[in-house]
Amino acid sequence: MSSKVTAALAGALTLAMYSGLGMAAADPYQLNLPEPQTIIARQIYDQHTLALWICLVIFIGVFGTMFYSVLKHRKDAGYKAANFHHSTTVEIIWTIIPFFILIGMAYPATKTIIAMKDTSSPDITIKTTGYQWKWGYDYITGEGEGISFLSALSTPRAQQENKEAKGENYLLEVDNPLVVPTGKKIRILLTANDVIHAWWVPALGAKQDAIPGFIRDTW
43 MSSKVTAALA
53 GALTLAMYSG
63 LGMAAADPYQ
73 LNLPEPQTII
83 ARQIYDQHTL
93 ALWICLVIFI
103 GVFGTMFYSV
113 LKHRKDAGYK
123 AANFHHSTTV
133 EIIWTIIPFF
143 ILIGMAYPAT
153 KTIIAMKDTS
163 SPDITIKTTG
173 YQWKWGYDYI
183 TGEGEGISFL
193 SALSTPRAQQ
203 ENKEAKGENY
213 LLEVDNPLVV
223 PTGKKIRILL
233 TANDVIHAWW
243 VPALGAKQDA
253 IPGFIRDTW
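For the record, in the sequence shown the residue sitting at position 112 is 154 according to my numbering, with numbers rising by one throughout.
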């Protein structure tokens, strides 16, 4: 039996080692969200990281206990199972611990969601209109008031068709980028001219659907 246990542990360690090598070779964005560039994005990033660590601890605890129980308490000849079916103490513990974990995750998440929806007192307001294959921007108030332009994808077609190597900003380059000052609150009014579009800038922590006939906002 000891040789089987040793082989099982060796296999598990080997699998963990190769998994670790894969994680070491991965780009940061493949293991977490993009590096945040705004206060809201930083809060989202930190809460996502916290949730991942909590899930990892739970995963290790659950599967570690399971494998330990399987290996330690295998059924042998003449084995007689214990005659019990529940433990009030254990049931209370595994109810209280998840409750506090959820509260600890929900409280900061709720604060972040409320902050995400607070578009009051902006320094600049920009109307963003989704068109098929491009975006239209109109600076309504603040710096740049009166400026309007269209912004379309400028990634070379050869990259899109895999005829040449993809650039660092593949499918992110545009001919006329939206430019805003740092350290300012920018309110984005979103709508669409034809179909539903998704205005999304991961590093800013902003994603909102632009729907024809409706005006929604984010910042």
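Backbone N, C-alpha and C define an ideal beta-carbon position, used for all residues, glycine too.
Keep in mind that this is a model prediction, so the values were computed, not measured.
In this structure, how does DSSP classify residue i when only helix, strand and coil are distinguished?
{"i": "Asn239", "result": "The amino acid at residue 239 is misidentified as Asn; the sequence shows His. Reduced to three states, the DSSP call for His239 is strand."}
{"i": "Tyr173", "result": "strand"}
{"i": "Gln202", "result": "helix"}
{"i": "Ala67", "result": "Model confidence at Ala67 stands at a pLDDT of 45, short of 50, so the residue's coordinates are unreliable; what they give is reported in the following sentence. Helix at Ala67."}
{"i": "Arg84", "result": "helix"}
{"i": "Val222", "result": "coil"}
{"i": "Tyr149", "result": "helix"}
If you measure between the beta carbons of residue i and residue j, is that distance less than 8 Å?
{"i": "Leu192", "j": "Asn218", "result": "yes"}
{"i": "Ala148", "j": "Lys176", "result": "no"}
{"i": "Ala234", "j": "Ala252", "result": "yes"}
{"i": "Thr197", "j": "Leu213", "result": "yes"}
{"i": "Ala151", "j": "Gln89", "result": "yes"}
{"i": "Pro244", "j": "Leu73", "result": "no"}
Compute the Euclidean distance between the alpha carbons of residue i and residue j, then round it to the nearest angstrom.
{"i": "Tyr121", "j": "Lys114", "result": "13 Å"}
{"i": "Pro78", "j": "Glu215", "result": "19 Å"}
{"i": "Val104", "j": "Arg116", "result": "18 Å"}
{"i": "Ser129", "j": "Ile82", "result": "44 Å"}
{"i": "His127", "j": "Ile139", "result": "21 Å"}
{"i": "Ile96", "j": "Gly106", "result": "15 Å"}
{"i": "Ala67", "j": "Gly186", "result": "Because the pLDDT of Ala67 is 45, which lies under 50, any placement of that residue in the model is unreliable, and the question is left without a value."}
{"i": "Tyr179", "j": "Leu231", "result": "10 Å"}
{"i": "Gln202", "j": "Gly188", "result": "34 Å"}
{"i": "Leu144", "j": "Ile102", "result": "18 Å"}
{"i": "Thr80", "j": "Ile238", "result": "26 Å"}
{"i": "Pro254", "j": "Val222", "result": "25 Å"}
Check the C-beta distance from residue i over to residue j and give it rounded, since I have them as a contact under 8 Å.
{"i": "Pro164", "j": "Trp242", "result": "Rounded, the Cβ-Cβ distance is 19 Å, inconsistent with contact."}
{"i": "Tyr173", "j": "Asp259", "result": "That pair is no contact at about 19 Å."}
{"i": "Gly184", "j": "Thr167", "result": "6 Å"}
{"i": "Thr161", "j": "Arg84", "result": "Contact doesn't hold; Cβ gap of about 18 Å is too wide."}
Going by DSSP, which residues form a beta bridge with residue i?
{"i": "Lys249", "result": "Trp242"}
{"i": "Arg258", "result": "Leu232"}
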